[in-house]
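Trainee:
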Amino acid sequence: MFSLVDLKEFDSSLEVINGDVNLKFKSITDSRELRKDCLLFLKNRKHLLKLKESLTAKKDLGALIVEKKLFENLEAEDLTSLKDSFSLIATCLDASISMSFLSKPFWDSKFLPLNEVVDGRQMGSGSVHPTAWIAQGVFIAEDVVIGEGVKIHSGARILSGCVIGDNCEIFPNVVLYPFTSLGKNCRIHGGTVIGADGFGYNFHQGKHLKVWHIGDVNIGDDVEIGANSCVDRGTFSATNIGSGTKIDNHVQVGHNVQLGVGVIICGHVAIGGSAVLGDFCVMGGKAAMGDNFTLGKGVQVAGGGMVNCDWPDGAIVGGHPARPVKEWMKGLAFVRKESLKK
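For the sequence shown, the numbering used here assigns the number 266 to the initial residue and increments by one for each residue that follows.
What follows is the structure in structure tokens.
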């Protein structure tokens with residue numbers, strides 16, 4: 266737990282505007298999971314508008330760290346609303362840089378105490394169901410919960426605090442980073458890594474400063490993930506994979522991605538951080554999706570398509586950049602026709 270007084274040692278630009286400087290906070294969050302015991306960063310007006318949507322009827326929240334330039338231009342009505350909702354408001358010189366500085370102590374407090382050296386079965390921590398089938402050469406860290414009928418093949422690494430639901434199968438050389446949660450009947454194929462840090466850096470004074478990732482990964486029931494795929498942990502809140510989702514080989518799912526129920530992701534797809542895919546979306550092979558975009562329910566993206574904007578429920582898109590598939594095909598036909606003219 267850290268107070269703003271403690272955190273000022275990591276970022277000297279912090280200035281408390283309103284609230285008790287001695288209040289303690291256990292983590293950092295984002296506008297998707299507002300909590301009383303956490304810090305929230307606010308960088309620009311776009312983030313402010315998103316936060317206002319999330320604040321409806323929510324009071325007694327944690328600390329809000331506002332970039333100074335934005336704070337100085339807040340309207341009086343917005344400032345009053347924020348003061349009513351958050352127990353403490355402070356400013357910082359640059360929210361992105363402050364995020365890099367302040368995420369480190371929270372990461373340390375969550376991950377440094379973990380024992381990843383001695384197998385949890387030797388320490389007597391965690392819970393392994395007696396029907397679980399665990400091959401030789403599997404490492405299981407402390408406080409892991411393994412359900413009924415689980416199969417874990419040789420070379421798998423199950424790190425601290427993971428939960429594996431009933432009847433899951435973990436194939437060779439899978440790595441579940443700390444605090445990864447699998448529902449029932451999941452299959453994770455060889456070489457897949459779940460819970461590694463997302464790709465988050467902020468450039469400052471000639472260096473790329475790391476944003477330390479403290480979110481988790483939550484995977485629903487009946488999910489299958491192919492070989493050599495990666496699902497990154499959330500930055501501050503969780504990456505979530507909905508029940509019934511099927512992910513092919515060599516797929517990259519970025520930090521804080523939200524996949525709905527029954528989503529299909531084909532091979533070599535890359536999904537940028539904080540993207541949202543509604544229930545039963547389909548992404549064809551080698552398709553890609555940029556950060557922070559949203560696909561509605563049942564959207565289909567053709568193979569090789571590049572999503573660079575939001576699409577509503579039921580849209581069928583393709584191309585680079587992605588556009589309605591009929592428009593894309595007409596464009597291809599026109600270009601071919603013109604190119605063949607003498």
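Even for Gly, the Cβ is constructed at its ideal location relative to N, Cα and C.
1) Using CA atoms only, rank isn't needed, just tell me which of Val270, Thr396, Ile581 is closest to Phe545.
2) Sort Phe558, Ile506, Ser363 by Cα distance to Glu220 and report the nearest one.
3) Of all the options Thr445, Asn438, His418, which has the alpha carbon lying nearest to the alpha carbon of Gly430?
4) Report yes if the C-beta distance between Gly507 and Val482 is below 8 Å; otherwise report no.
5) Whose C-beta lies closer than 7 Å to the C-beta of His454 among residues of the same chain, with five residues either side of it excluded?
6) So which of Glu413, Ser539, His520, Phe351 has the shortest CA-CA distance to Asp462?
7) If you follow the alpha helix (DSSP H) that Asp343 is in, where does it begin and where does it stop?
8) Thinking C-alpha only, which one of Lys416, Lys375, Ile423 is nearest Glu434?
9) Return the chain-ordered ranges of every alpha helix (DSSP H) run that is complete within the segment 268-301 and spans a minimum of 4 residues.
10) Restricting to Cα atoms, I'd like to know which of Glu407, Glu337, Ser346, Ala328 is closest to Glu318.
11) Please state whether DSSP places Val516 in a helix, a strand or coil.
12) Inspect the CB distances between the segment 573-592 and the segment 550-564 and report whether three or more fall short of 8 Å.
13) What residue range is occupied by the uninterrupted alpha helix (DSSP H) comprising Gly596?
14) Smallest Cα separation from Leu335: which of Asp349, Leu313, Ser368?
15) So Ile479 is in the beta strand (DSSP E); what residue range does that whole segment cover?
16) Which runs of the beta strand (DSSP E) fall wholly inside the segment 306-385 and span at least 3 residues, in chain order?
17) Reducing DSSP to helix, strand and coil, say where Met388 ends up.
18) Starting from Ala461, trace the beta strand (DSSP E) in both directions and tell me its first and last residue.
19) Could you tell me the alpha carbon to alpha carbon distance between Tyr466 and Gly456, rounded to whole angstroms?
20) Give the range of the beta strand (DSSP E) segment to which Cys495 is assigned.
21) Hey, His394 and Glu413: beta-carbon distance below 8 Å or not?
22) For a quick check, are the C-beta atoms of His478 and Arg498 less than 8 Å apart?
23) Compare the beta carbon distance of Lys308 and Ser361 with 8 Å and say whether it is the shorter of the two.
24) Going by beta carbon distance, what residues of the same chain come within less than 6 Å of Ala503, once the five residues before and after it are set aside?
25) Measure the C-alpha to C-alpha separation of Ile512 and Gly426 and round it to an integer number of angstroms.
26) Going by DSSP in three states, Phe468 sits in which element: helix, strand or coil?
27) Sort Leu269, Val522, Cys357, Asn514 by Cα distance to Asn287 and report the nearest one.
28) Just grab the DSSP bridge partners of Met554 for me.
Mentor: Short version:
1) Along the sequence shown, one-based indexing puts residue 545 at 280. Of the listed residues, the one whose Cα sits closest to Phe545 is Ile581.
2) Because the chain here runs from 266 to 607, residue 220 falls outside it and cannot be looked at.
3) Start at 1 with the first residue of the sequence shown, and residue 430 comes out as number 165. Per the C-alpha coordinates, the member of Thr445, Asn438, His418 positioned closest to Gly430 is Thr445.
4) Mapped onto the sequence shown, residue 507 falls at position 242. Mapped onto the sequence shown, residue 482 falls at position 217. With respect to the 8 Å criterion, Gly507 and Val482 are not classified as neighbours on the basis of their beta carbons.
5) As a first step, residue 454 is located in the sequence shown; it is residue number 189 there, counting from the start. Hits under 7 Å: Phe436, Ile490, Gly491, Ala492.
6) The residue labelled residue 462 in the question sits at position 197 within the sequence shown. Asp462 has its Cα closest to that of His520, out of Glu413, Ser539, His520, Phe351.
7) Along the sequence shown, one-based indexing puts residue 343 at 78. For Asp343, the enclosing alpha helix (DSSP H) has its first and last residue at 341-350.
8) Here residue 434 is taken as the residue at index 169 of the sequence shown, counted from 1. Nearest of Lys416, Lys375, Ile423 to Glu434, Cα basis: Lys416.
9) The qualifying runs are 269-272.
10) Position 53 of the sequence shown, counted from the first residue, corresponds to residue 318. Checked all of Glu407, Glu337, Ser346, Ala328; the closest Cα to Glu318 is Ser346.
11) In the sequence shown, residue 516 corresponds to position 251, counting from 1. DSSP places Val516 in coil when its eight states are reduced to three.
12) Contact between the segment 573-592 and the segment 550-564 is present, because at least three Cβ pairs lie under 8 Å.
13) Mapped onto the sequence shown, residue 596 falls at position 331. Its alpha helix (DSSP H) spans residues 590-604.
14) In the sequence shown, the residue the question calls residue 335 occupies position 70. Ranking Asp349, Leu313, Ser368 by Cα distance to Leu335 puts Leu313 first.
15) As a first step, residue 479 must be located in the sequence shown, where it is residue number 214. Element bounds for Ile479: n/a, residue is neither H nor E.
16) Segments of the beta strand (DSSP E) lying fully in the segment 306-385: 326-332, 351-357.
17) What you label residue 388 is simply residue 123 of the sequence shown in a count that begins at 1. If DSSP states are grouped into helix, strand and coil, Met388 belongs with the helices.
18) Numbered from its first residue, the sequence shown carries residue 461 at position 196. Element bounds for Ala461: 458-461.
19) By 1-based counting over the sequence shown, the position of residue 466 is 201. By 1-based counting over the sequence shown, the position of residue 456 is 191. Within the model, the alpha-carbon separation for Tyr466 versus Gly456 is close to 26 Å.
20) Position 230 of the sequence shown, counting from 1, holds the residue named residue 495. Cys495: member of the beta strand (DSSP E) spanning 495-497, first to last residue.
21) The count along the sequence shown starts at 1 and reaches residue 394 at position 129. The count along the sequence shown starts at 1 and reaches residue 413 at position 148. With a cutoff of 8 Å on beta-carbon distance, His394 and Glu413 are scored as near each other.
22) Within the sequence shown, the letter at position 213 stands for residue 478. Within the sequence shown, the letter at position 233 stands for residue 498. Contact annotation: His478 and Arg498 have beta-carbon atoms nearer than 8 Å.
23) Within the sequence shown, the letter at position 43 stands for residue 308. Within the sequence shown, the letter at position 96 stands for residue 361. Yes.
24) Residue numbering aside, residue 503 sits at position 238 when the sequence shown is read from its first letter. Annotation for Ala503: Gly480, Asp481, Asn483 place their beta carbon closer than 6 Å to its own, counting only its chain and skipping 5 residues before and after.
25) Indexing the sequence shown from 1 puts residue 512 at position 247. Indexing the sequence shown from 1 puts residue 426 at position 161. Between Ile512 and Gly426, the C-alpha separation is close to 24 Å.
26) Residue mapping note: residue 468 aligns to position 203 of the sequence shown, counting from 1. It is a strand residue.
27) Taking the sequence shown and counting its residues from 1, the one referred to as residue 287 is at position 22. Measuring C-alpha to C-alpha distances from Asn287 to each of Leu269, Val522, Cys357, Asn514 identifies Leu269 as the nearest.
28) Here the question's residue 554 lines up with position 289 in the sequence shown. The partner list for Met554 (beta bridge, DSSP) reads Ile536, Val572.
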